[in-house]
Each structure stands twice: as C-alpha cells, then as structure tokens.
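Notes to accompany the following structure.
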Amino acid sequence: MAGKKGNADETLQLLKCIVDAIEEKKGLDVVSIEIGGLQNAVCDYFVICHANSTTQVDAIAGNIEFKTLELQNQRVYRSSGYENAIWIVLDYIDIVVHVFLSEWRNYYKIEELWADGKLCRYSDPDDDFSSMQPATF
75 MAGKKGNADE
85 TLQLLKCIVD
95 AIEEKKGLDV
105 VSIEIGGLQN
115 AVCDYFVICH
125 ANSTTQVDAI
135 AGNIEFKTLE
145 LQNQRVYRSS
155 GYENAIWIVL
165 DYIDIVVHVF
175 LSEWRNYYKI
185 EELWADGKLC
195 RYSDPDDDFS
205 SMQPATF
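Just so we're aligned, residue 75 is where the sequence shown starts under my numbering, counting upward by one.
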C-alpha cells in the first residue's frame, strides 16, 4: 500500500501506530505536527522523536517499519539515514517520521521550522507523575 494517499481515518490510525512503535522502543520527546493545511506542506503530519544512541535510533526506526507493516499493512515508501543512524527519515506519503540522535534534533529544530502547524506532544502512558512535587524556588 506504499505510495498511495489514504483517507483521514487511515492516516490517524497510521499516526497512532507510529507513535506507539516509537514509545515501545523508548523514543524521547515524541511529537506530531499537523501540517497538511499549510502552504508548501509535503505531507499531512510530521512525527519527530529522538534517542540518545545511534543503536536506539536504528531500533526505533526499525520498529516503526515492522509495526506499520504488521498492524496497518503499510510499507514505508522511502527511507533514508540507516547508514549512520543520526537522523533516519521514514516517508509514508501522508506521514513523514524523523528519528534523530539527540544532538541532531537540537541542531535542526524541525518543530520551529513548522511552527505554524498544530503541535501534539505525546507522553508515555506508563509514566506515573502523580508522586512528583511542584518545584519550589
């Protein structure tokens, strides 16, 4: 099914699958940016995350490809960056995924380039922040 634009429901299902696959491999600071309505947008959504090692960057990207094929029957249309695993890009036509090594994400700041898009931050549902106390100064 790669190379074919999907409907809105299929795109949202694919988005959820991608985010779940990232979180399963402990990707950090997972965000999506809805850019489909913006001028010059290349897709409907960007999904961005990072990891602290090239091994983890590779594992996250590999898990995204595995889960999207297994659960959504979606093959990646194009991918780039596996050679050095500092920035892997996965193109699913409607959704483009960026998996960065931490310092490269900080350098490129894609979220700032697409600041007009609607940003959604995801957090690990297994995190328990109930015991955290507010900071005091």
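Beta carbons: idealized from backbone N, C-alpha and C, even for Gly. Note that the structure is predicted; figures quoted are calculated from it, not measured.
- In the three-state reduction of the DSSP assignment, residue 192 falls in the strand class.
- Looking only at 169, 136, 87, 94, the smallest Cα-Cα distance to residue 109 is reached by 169.
- Around the beta carbon of residue 183, fewer than 16 other beta carbons lie within 10 angstroms, which makes this residue exposed.
- By DSSP's assignment, residue 125 forms a beta bridge with 175.
- Between residue 100 and residue 125, the C-beta spacing is below 9 Å.
- Distance from residue 175 to residue 131 at the Cβ level is roughly 5 Å; contact confirmed, criterion being Cβ atoms closer than 8 Å.
- Taking the Cα of residue 180 as reference, the smallest distance to any Cα among 161, 192, 167 is reached at 161.
- In this structure, residue 92 keeps its C-beta atom at 9 Å or more from the C-beta atom of residue 116.
- Note on residue 95: 16 or more other CB atoms within 10 angstroms of its CB, so buried under the neighbour-count rule.
- As the crow flies, the alpha-carbon of residue 194 is around 21 Å from that of residue 137.
- By the criterion of a C-beta distance shorter than 6 Å, residue 107 is surrounded in its chain by 120, 188, 191, 193, once the five residues flanking it on both sides are discounted.
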